[in-house]
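Below is one structure, written out as structure tokens; comments come after it.
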Amino acid sequence: MAPEVQAANSDVPWRAIVGMRNRITHGYFDMDLNALWRVLTVDLPAVLPRIEQILADSTPALDDGSDRDTTHHQ
Numbered sequence: 005m006a007p008e009v010q011a012a013n014s015d016v017p018w019r020a021i022v023g024m025r026n027r028i029t030h031g032y033f034d035m036d037l038n039a040l041w042r043v044l045t046v047d048l049p050a051v052l053p054r055i056e057q058i059l060a061d062s063t064p065a066l067d068d069g070s071d072r073d074t075t076h077h078q
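Numbered by my numbering, the letters in the sequence shown go through residues 5 to 78 in order.
See below:
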């Protein structure tokens, strides 16, 4: 997430999310599996709807291509 998005949505535990990502990526042999399970079953479900909303609000609508020139030039 862009720093501006994180700053505008300070209710999301961004530092904890990044910390967990770093822990999984760089220290997976030392990973506390109970802690990981808690994150996956408790923490993530609690914050996921908020993150999905942030993504929906910050992602432009998909272009359906209706304004494109569909003629083929040879």
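Where is the CB? At the ideal position from N, CA and C, for every residue including glycine.
Selection from the options that minimises the alpha carbon distance to residue i
{"i": "E56", "options": "P7, V16 and E8", "result": "V16"}
{"i": "D47", "options": "R27, P64 and A20", "result": "A20"}
Per-residue burial, residue i [other beta carbons within 10 Å of its own, 16 or more giving buried]
{"i": "H77", "result": "Low confidence applies to H77: its pLDDT is 48, below 50, so where it sits in the model is not reliable, and the reading given next is rough at best. Flag for H77 reads exposed."}
Nearest-angstrom Cα separation, counted from residue j out to residue i
{"i": "S62", "j": "G31", "result": "32 Å"}
{"i": "S14", "j": "R25", "result": "18 Å"}
{"i": "L52", "j": "T45", "result": "11 Å"}
* **Entirely enclosed alpha helix (DSSP H) segments - the stretch 12–76, minimum 4 residues** => Counting only runs of 4 or more residues that sit fully inside the stretch 12–76, the alpha helix (DSSP H) segments are 18–30, 37–42 and 48–62, in chain order.
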